[in-house]
Structure formats: structure tokens, C-alpha cells
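**Q** Top line first, the protein sequences correspond to chains A and B. Here our numbering is used: position 23 in the first sequence is 1234, and no number is missing along the way. Here our numbering is used: position 639 in the second sequence is 654, and no number is missing along the way. Where a beta carbon is used, it is the ideal one built from N, C-alpha and C, also for glycine. This is the structure, below, for whatever I ask next.
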Amino acid sequence: MINITINGTEYRLDEDPAMPLLWAIRDILDLKGTKFGCGKGLCGACTVHLNGVPMRSCSLPLAAVENQNITTIEGLSNDGKHPVQQAWQELNVPQCGYCQSGQMMSAAALLNGNKKPNDTDIDNAMKGNICRCGTYPRIKNAIKMAAELATEIK
Amino acid sequence: MKTIKNISRRHLFKGAAKGSFILGASIPTLSMLPKVFAGEDLKETKFIPSVYLEIRKDNTVAVICHRSEMGQGVRTSIPMIVADELGADWAQIEVVQGLGDPKYGNQNTDGSASIRLFYGKLREAGATARYMLTEAAAQVFKVEASQCRVDAGKVLYKNRALSFGELAELASTMKVPEEKQLVYKNKKEFKFIGSEKMANIDGHLIATGKTVFGIDVEKENLHIAIIARPPVMGAHVVSFDASEALKVKGVVKVIKMPDISEPVVYKPLGGVAVLATNTWAAMQGRDKLNIVWSKHKNADYDSAAYFKKMEADIDTVTSTHRTQGDVSASLKRADKVIEHSYYMPNLAHAPMETPAATADWRENKVEVWAATQNPQSAVDSISSQLGIDKAKVDVHVTLLGGAFGRKSKQDFVVEAAFLSREAKVPVKVVWSREDDIKHDYYQACTLQKITAGLNDKKVSAWRHRESGPGIQSIFKKDASGVAFEPNMGMKDVPFDITNVECTSGPGLGHVRYGWMRSVANIGHAFSIGSFVDELADELGIDTHKLWHQLIGADRHIDFTKMGTTPYANHGETLEKYPYDTKRLKATLDKVASMAKWGRSLPKGEGLGISVHRSFVSNTACCVKVSEHDGKIKVDKVWMAIDAGTVINKERVRSQLEGSVIFALSLAFYGEITAKNGVVEQNNFDDYEVLRIDQSPEIEVAILDFDDPLAGGVGEPGVPPITPALCNAIFAATGKRYRKLPLMQYGII
């Protein structure tokens, strides 16, 4: 039995301790916002926050996250109004939208630690997230806008 | 006190409505909670003037989107058209995804055709509804219909107003107008069509992680299936041992898939399926299968050897696609002959969402939810392959996490239907990334050779040859070479040259081939666009000027008079969508102007340019690269598109931006190879794609020729980019690359 807190709710899971967190989130807890893209930590679609740090949930076995705090896209905000979520909508970032949960989670983590990231900071933080639709230029602009919004809120 | 929830997958379905399914239909500006739609009328609908439109008593206007959403924005642009012609308030619009049903017309979301095929019909739906709503209001106001006007969801007469919702019931009793009675808005009256910025109708769902893609579908008692497919296409299961697989916690059943027969078409590849209560268990179970595969002749397929065969076959002509004048004779008389060959390997689509489909087979009927580009084809495939009447097959379309052509193939949908029928439970088939990379319907490799004969520095002969496999190989057993592919940028080469010859040679298919975002336009534009640049260099003329010279005068090209085998013109007649050289040149000129083509650049920097027509749109590209320590960096890309009438300008721009990323990705990295018939690549570590740190600055211009017709947008961006890139690299470094991908040269 593994205890884990996801988006503020504590769960007790009776699953294979080797099951990647991604599949526990999607199949056991029915939180579908976190997506599967590669299963090997190469694409970033499965990005969640582990105690605030961005992690690829496809490569995190349940055993490794026992008693930890996980935030998924569903828990990024209560009302969809996290600066990243607002900027993403304002700039019409997504096309198909599939990779965007992971993109937003990586972006939110970047902004948590860096209030005013420059282009190199953005590239380094985001290059683990693939987008096949090619929304990269808009992601860059949205991160800068989210940084502005976040300072305005303060 | 903290509450701890004991949770297992069984608990998910307690209390869930049987057959409930949450689709990503969204209501802009309203709550985050998704609405439940199953492609049917859930609310009390009162006025249904068209298959594309329903107006409800509660004043919501449902637009039925019958085309699949894969990021090209149809779920937003289709409602924009209807809402505009109808005169609705955008806030009252809901989009409902249509099931696969011939009543909607063509649902094959392929070929960049959604708008050009349906622009007229969608406006007709809006105009018809507006007419009948106005008639109804006129009756209530006791005035003439002509005295009323429609604005933002209301019919108005002086200071009186009635909402669409209030009028819905009465409107449905009005006489349906004839086509000639309909009054259409003119361009100046549009509020949505052609507007600069429109929010993605699913934007809020995406931002909050509430989307439902094919892979996200949930059903009560759903079992997940992961399938071990034959490593070599065409091989069968000789025997298998599932004893270890069945020991994995969560694994419920192991089922053998039907053996594949050729032609492969959209049939499941075969193999052995592991069904489990969760995806992880199914994956673990598959890893523990022991399977003995039969030998198949496709095991002889070796990409390196195949390439040598393509080289040997490049001058073998098996089909002629255009023959004008006498190229051979002209080449003999030429004072100079220039000849170059270009190569692109097999490519994988690699959409972010791997193929996934869910089926629930009950007695003699099956319900399917799939990320499919073509739900009618899914119905047809399930019906013909599994022996069930089409009327008993319902296919719902989810959001597609990218597609690029892969998800118009129904193999993965048939897999789900088959397994549900066999296992007697709802089954979701999920493809792993390895499955997707190793068992794709690849973009076919192509070797192309262009020969130009020059007399007094003018091109008097143009010969374009190609060898390699064609898409027909999946439809016809042992089919060799290309068939319809030359319609995409080869035989319609728009040059004013007296002697032109376009031919193709042999090439068998040992893996599945299919169409990938702009298809054969990619290879043809790469070859022609690079060759024109090489010619320009040879002649000492500017490339932009040479394009003008080669294209020649403003005219509509009539290929029927130029020795061309029937020209498909992307499914349109030349009368309706002429090949207009004036617009082609204007598109090229636009991008040249944007990039300030012709300016001098420092050493190690270069510009490249190209133009192409595809899916009845013109697109041009200019690329700027710079070399740093032997590595190429793409600094900026300019794109110009002439697509006639465009609906959602912002989405057109994003599609062009996305085309840049897509094309750079395939140029830098794209290569699928096989050894002993088995595809060598597996995942994003050995099939690399472009990442954000390689993404250039991109500028897009949309030309407007006041053309009332719409052209394609989803694919046309791709073709001119690869030649422009390689031309830029030549300008910057003096090195010409004719064989892709570029990573093999150590310059990426």
C-alpha cells in the first residue's frame, strides 16, 4: 500500500510499486490531464510537480513518490487562472493541445524559481518538452507574458 | 482531520452513468466543467435547420463539427463560419463533435480540405437558419421579414427584439427557403470570418487539463490492450506462450490478433494482445510474452541496400506523368546540361498522442471512440473487416493529439473493435511510442533526379525522375513505385519550358506507407526548390529572379495542353481553382520582401528561398541561417501564404509556424531505417524531433487576393521550407546538401 498526496488529497494505492506515477494518475485516479507521450522521460508530456519540482511522471515509480506531494495540471490552480494558464489562452498557444499540460507544468515550475527568465533560461527549462504542432514560438512569448502577469498579481 | 481515499480502478466507475463519456465540447466564457455530449441531442432541441446546426430553446446554438480536430482549428473555424452567416453571438455557440455519418458529407479530414469543401455548405446552414428565424420574428412582430435585422443572436425590429432561443420553436415551423431565396452576408459584414484573433474554442479545456483525446477515453469496466505486433510487416504468429504474461497483476486475458493478409490497407498488423485493467499491467504483460513469428520476405528489407537499388533504378522509367516536346532531343542540343539528385528517407509522423481507440462491442452493435481523422472510414473498415452492418457501428471522434495523416488509417480502430468483440468487454487499444515509431504508415523514401538542358543560359529542357516506393503499395499487393504522387508538385511544375518530362520508376514497399502532412509535395519541392537554386548559382543569376524567369508570364496553366496525364489539382477542377502563376509569383515576392532578400550578409550567414503550390494554396519560404563552429543555426524563417479566403487568421499563422517546426525537424533528423525488415528506431532518443531551443524566430504573412474561395492551410506550409533551408545553408557555407537528414553531416 502506498500513500501519496495528489493536488492536496491523500490517497492510499494498492498497486505495483513499480507502476509509474503517470499510470497511477491516469488509470487509477482518473486524472487524464497528465499525458502519455513516450514512457521514457524524453518528451515531457507527463510532467507533474513533485514537491514543486518538475518531474516526468512516466519515469517515477510509485515507490519513489511514497508520502510525497504531487501536483498535476488539474491542481495548478483552482480556477484555471494561474498566470501560465492565462498567458497560454491569451496568446492562443495550443494547437492540438496534447503536449500543453506538460508544457504548462514545466513553465510554471520555471517561473516559481525564476521570476524573469531570459531566452536561454526558457530554452533550458523547456527543451525537455516536445511539441509536434510547433507551438514553440508562442510558448516562449507566453512564458514571458506569464512572468509579467505574476509580478502584476503581487 | 485529513481524509485518505482508498482508491482502486474499480471505484472509478461506481455511480458513473453507464456509457457516460465526457467529450471536450466547450462553452466559451462559462464554467470549467465539461459538458456531456455524445454527438446526440441531449438538450431539448427545437430548431434543426441543417445537419450542421441546432438552435435550442435555452438560446444556445450548437454547431456540429463533422471534421476531426488535430490542431488545425476546425472546431473553432467551422463554428466561426456558421455563427457569422447566422448572426449569432459567439458566447452562445457550442461546438458538438459529429459522429461518423454520411449525412455530413465528406469526413475525411485530410488534404487540407475542411474549409474549401464546406465553406459554402456551412454558410448555407447559417443563412437558412437566419432566414427562418427572421420569418418567425416577422410573424411575431407582425411585420415583413425585410423590415427585421439580425444581430448577435437576436432578430430585431425597431426597439423590439427576440432571441434565437425564443424564436426556435416557431422558426422550426417556417417553410424552408429555396437556395435562391437565401441572402448571404458580404465580406464587409463578417464579424468572425477573416478576423485577426479568435480564441481557441477548446482553449480553456486545454489550459485546465480537461481535454479528452483518444487515449483519455474511459468506460465502465474498460480493459486496456497493448499489442505485440510482428516486427516484420506481413509476418504471422506461429506460436506464443502467455503463461508469464497472465501472472502479472492486472492482466486479464491474452488474445491472438487475426493474421494480416496483403494488401495490408487498414488491417491490423496482427500479433498478440494483452488485456489488463490498467495500461501499466498490459505493458508489463506484453513484455513477458514469448512469441514465435513466421518468416516473411519483408525480412530481406535493408534500408542501405534499398537505397542502392533506388540509385540503380533512377533511370528506369515505369510510368510517364508528363511528356511535352522532346526532352531527349533537346538535351542533345543543349550547350550545357545540369543534373542533380536529391534524397529523402522514410519518415515517421510521431504525433504527440500515439494511436488510441476504444470500442464497446455489445451483441450485434459496436460503439467506438477514436482519435480518427475519418470516422466514416472507421465505420467502413470495422464493417468490412469484422463482418458487421455499417448501421450497427457508431464512431465518435475525440480530440486528436496531432495526426499529420497517421490517424486516417483505421488499423488501430479495428484492433479495438476486434478485441472488444472477442473479450466481450469495452477495450481501449493504446499504442506505445515504440509501437508508433516501429509500425507507422511511413512517408515514403524518395530519390529524385532533375536534369536541365540550357541553351544560351535559358532552360530548354526539364526532366524530373523519381524512384522509390509508393502509397499504392498498401492498397495493391506488390505495387511498385508511385502512382498519384506526381500530382503533388511534380507534373504540375509551373515552368515555361518547351520540353518537359516527368517520370517515375520502380520501388516495392516492405513497410506500410501512407501520407504525411503535404505528402509527396515535400520531396518534389525539396528537389525542385534546391535545383532552381543550384541552377541560379550555375548561371550566376539571383534565385528569386530565376524563379520568375522559369515561371514566366502571368497565366492560368492548363496542364491538359502540356502532355500531362490527368492532373488531380488536389481534388478540384482547374476551372474552379486555376494554377495562377501571378499569385504564385506574388507569394514568392512577398516573402522575398519580408526577408529583405538580396541584402548582403556577413560571412557565415545566408538566406535561402523557395515557393510551392499545394492543396490549391501558394506558399513561399525564406530561411536565414548562420554557421557557428561548423554547426548550422536557423535564425529566422519568413513564410507567406496565399490561401484565398481564410477564416481564422491567427490559426493560419500558427499552422504556418508549426509547419516550420515540422519541416525543420524532418530536415534535421527525420530518418526511419530498417535492417532485416525491422525498423531500427524506437522513441524520441533515436527518432529525434525539433525542440524549443532550436526553434527560430518566425514571421508569417497572409496574402489577400479578395478570392471568395478558400484554399488549404494545414499542409501547404511544409513543402517550401526544406529547399529554402538547404539553399540558405549553401549561401552561408558553400556546402550543398542533397541527401537528408542533415544530422548525418555533423552540422546540427
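Listed in chain order, which residues of the segment 423-451 of chain B have Cβ atoms closer than 7 angstroms to some Cβ of chain A?
**A** SER447, ARG448
**Q** Return the residue from the list A:ARG1237, A:ASP1238, A:LEU1232 that minimises the CA-CA distance to A:GLY1252.
**A** A:LEU1232
**Q** Pairs of beta-carbons, one from the segment 247-263 of chain B and one from the segment 300-319 of chain B, closer than 8 angstroms: are there three or more?
**A** Touching, yes.
**Q** So does the segment 717-733 of chain B actually touch the segment 526-538 of chain B, counting three or more Cβ pairs closer than 8 angstroms?
**A** The segment 717-733 of chain B vs the segment 526-538 of chain B: in contact.
**Q** Going by CA-CA distance only, name the one from A:GLU1363, A:GLY1263, A:ARG1267 that's closest to A:GLY1286.
**A** A:GLY1263
**Q** Can you check whether the C-beta of B:ALA607 is within less than 8 angstroms of a C-beta belonging to chain A?
**A** no
**Q** Compute the distance between the beta-carbons of B:GLU100 and B:GLY141, then report whether it is under 8 angstroms.
**A** yes
**Q** State whether the segment 271-288 of chain B contacts the segment 331-343 of chain B, with contact taken as three or more CB pairs (one from each stretch) at a distance under 8 angstroms.
**A** no
**Q** Only counting the same chain, and skipping five residues up and downstream in sequence, which positions put a Cβ closer than 6 angstroms to that of B:GLN391?
**A** Answer for B:GLN391: GLY115, GLN122, listed in chain order.
**Q** Which residues does DSSP list as the beta-bridge partners of B:TRP384?
**A** B:THR373, B:HIS411
**Q** Between A:MET1356 and chain B, is the shortest Cβ-Cβ distance under 8 angstroms, so that the two count as touching?
**A** When Cβ-Cβ separations below 8 angstroms define contact, A:MET1356 makes no contact with chain B.
**Q** Do three or more CB pairs link the segment 205-215 of chain B to the segment 392-402 of chain B at distances below 8 angstroms?
**A** no
**Q** Give a yes or no on whether the minimum CB-CB distance between A:GLY1248 and chain B is below 8 angstroms.
**A** yes
**Q** Going by CA-CA distance only, name the one from B:ARG448, B:ALA257, B:LEU290 that's closest to A:GLY1256.
**A** The question names Gly, but residue 1256 of chain A in the sequence shown is Ala. Ranking B:ARG448, B:ALA257, B:LEU290 by Cα distance to A:ALA1256 puts B:ARG448 first.
**Q** Got a sec: is the Cβ-Cβ distance from A:CYS1257 to anything in chain B below 8 angstroms?
**A** no
**Q** Under DSSP, the beta strand (DSSP E) around B:GLY621 begins and ends at which residues?
**A** Per DSSP, B:GLY621 belongs to the beta strand (DSSP E) from 620-629.
**Q** Where does the unbroken alpha helix (DSSP H) through B:ILE10 begin, and where does it stop?
**A** Because residue 10 of chain B is not part of the residues shown, which for chain B are 16 to 763, the question remains open.
**Q** Alpha carbon to alpha carbon, how far is B:VAL704 from B:ILE676? Give it in angstroms, no decimals.
**A** 9 angstroms
**Q** Return the residue from the list B:SER542, B:ARG480, B:GLY496 that minimises the CA-CA distance to B:PRO521.
**A** B:GLY496
**Q** In chain order, what are the residue ranges of uninterrupted beta strand (DSSP E) at least 3 long that sit wholly in the segment 289-339 of chain B?
**A** 305-308, 334-339
**Q** So which residues on chain A does B:PRO226 lean against when the C-beta distance must stay under 7 angstroms?
**A** Rather than Pro, the amino acid found at residue 226 of chain B in this sequence is Thr. Close partners of B:THR226 in chain A (Cβ separation under 7 angstroms): GLY1308.
**Q** Taking a Cβ distance cut-off of 9 angstroms, strictly less, list which residues of the segment 268-296 of chain B are near chain A, in chain order.
**A** THR292, ASN293, THR294, TRP295, ALA296
**Q** Please report the straight-line C-alpha distance between B:VAL693 and B:VAL287, rounded to a whole angstrom.
**A** 18 angstroms
**Q** Which residue's Cα is closest to the Cα of A:ILE1217: A:LEU1360, A:ASP1227, A:ARG1237?
**A** For A:ILE1217, the closest of A:LEU1360, A:ASP1227, A:ARG1237 by C-alpha to C-alpha distance is A:ARG1237.
**Q** Please list the terminal residues of the continuous alpha helix (DSSP H) segment that includes B:PHE541.
**A** 536-554
**Q** Let me make sure I understand the geometry here. Which of A:LEU1271, A:ALA1319, A:ILE1341, A:ASN1335 has the alpha-carbon closest to that of A:GLU1359?
**A** A:ALA1319
**Q** Could you tell me whether the Cβ atoms of B:THR580 and B:ARG337 are closer together than 8 angstroms?
**A** In this structure, B:THR580 places its C-beta atom within 8 angstroms of the C-beta atom of B:ARG337.
**Q** Can you tell me whether B:TRP562 is helix, strand or coil according to DSSP?
**A** helix
**Q** When you compare each of B:ARG164, B:LEU185, B:ILE79, B:GLY229 to B:LYS200 by their alpha carbons, which one comes out closest?
**A** The shortest Cα separation from B:LYS200 among B:ARG164, B:LEU185, B:ILE79, B:GLY229 belongs to B:ARG164.
**Q** Does B:ALA222 come within less than 8 angstroms of chain A when only Cβ atoms are used?
**A** yes
**Q** Can you pull the chain B residues whose beta carbon is under 9 angstroms from the beta carbon of A:GLU1285, in chain order?
**A** THR223, GLY224, LYS225
**Q** Distance, Cα to Cα, B:LYS173 vs B:ALA153?
**A** CA-CA distance, B:LYS173 to B:ALA153, rounds to 12 angstroms.
**Q** Measure the Cβ-Cβ separation of B:ALA363 and B:TYR702 and say whether it is below 8 angstroms.
**A** yes
**Q** Indicate whether B:PRO509 and B:ILE566 have their beta-carbon atoms separated by less than 8 angstroms.
**A** yes
**Q** Would you kindly work out how many angstroms separate the C-alpha atoms of B:PRO192 and B:PRO117, rounded to a whole number?
**A** 23 angstroms
**Q** If you reduce the DSSP assignment to three classes, tell me which class B:HIS251 lands in.
**A** coil
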